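S.K.: Would you mind keeping the following structure in view while I ask a few things?
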């Protein structure tokens, strides 16, 4: 398998984060970029080994090593959202601040070339703003989009995945 080559600019951001670990930067900047950058390699691995989850975790551990372990998820899941759309979903450490995520999900299709990878979060909300958590997406153009019409009933990976599926069924795709 070909070694993953992350852009130098991204690796500089990771090194800076290792020196000054900031959870918000990790989940709102580094992780979305990590998944979008690693997707071409993921497609190759999937065709060769059918074990994409192992690939993504090994790459994650290689890049983020010791200094960032405290940011690692407590539980991870890989599976299908729909017939040809798959996801890596991570249950993150208990949110301490507004906008910290309960879950993140990297959603992709290996069969449908027209489906662009997507990065979703279920974030902690301000108590006075309504529900205790809100569904968001980071687009590849760095828009941080609030999908407050997606209602998550319970804080479970299953319900988070239902929210992803509900959004995908709307056909809504932003640049």
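Residue numbers (the numbering used here): 39 to 213.
In this text, a Cβ means the ideal position worked out from N, Cα and C, and glycines have one as well.
This structure is a prediction, so every number in the text was calculated from the model and none was measured.
(1) Between residue 178 and residue 74, how many whole angstroms is the CB-CB distance? I'm expecting something under 8 Å.
(2) Quick one: grab the DSSP three-state call for residue 167.
(3) What separation, rounded to the nearest whole angstrom, lies between the Cα atoms of residue 186 and residue 170?
(4) Looking at the secondary structure, which residues open and close the alpha helix (DSSP H) in which residue 177 lies?
(5) Just grab the DSSP bridge partners of residue 128 for me.
(6) Find the nearest neighbour of residue 110 within the set 139, 196, 47, 194, judged by alpha-carbon distance.
(7) By DSSP, does residue 123 sit in helix, in strand, or in coil?
(8) For residue 145, count the other beta carbons within 10 Å of its own beta carbon; 16 or more makes it buried, fewer makes it exposed. Which is it?
(9) Indicate the three-state DSSP secondary structure (helix, strand or coil) for residue 148 in the structure shown.
(10) Cα-Cα, which of 194, 96, 52 is closest to residue 142?
(11) Using only the heavy atoms of the ligand FMN, determine whether one of them is closer than 7 Å to the beta carbon of residue 211.
(12) Can you tell me whether DSSP reads residue 187 as helix, strand or coil?
(13) Could you tell me which residues DSSP puts in a beta bridge with residue 153?
(14) Please state if the CB of residue 183 and the CB of residue 212 are separated by a distance shorter than 8 Å.
(15) Residue 48 lies in the alpha helix (DSSP H); which residues open and close that run?
(16) Between which two residues does the alpha helix (DSSP H) harbouring residue 202 extend?
(17) Just list the residues that DSSP pairs residue 160 with in beta bridges.
(18) Going by CA-CA distance only, name the one from 93, 134, 155, 148 that's closest to residue 62.
M.R.: Concretely, from the data shown:
(1) 6 Å
(2) In the structure shown, residue 167 adopts helical secondary structure according to DSSP, grouped into three states.
(3) Near 11 Å, if we compare the C-alpha coordinates of residue 170 and residue 186.
(4) Element bounds for residue 177: n/a, residue is neither H nor E.
(5) 114, 142
(6) 139
(7) Note: residue 123 maps to strand in three-state DSSP.
(8) With 16 or more Cβ atoms within 10 Å of its Cβ, residue 145 is classed as buried.
(9) coil
(10) 194
(11) No copy of the ligand FMN occurs in the structure displayed, which carries no ligand at all.
(12) coil
(13) DSSP lists no partner for residue 153.
(14) yes
(15) 46-57
(16) 195-208
(17) Beta-bridge pairing by DSSP links residue 160 to 141, 173.
(18) 134
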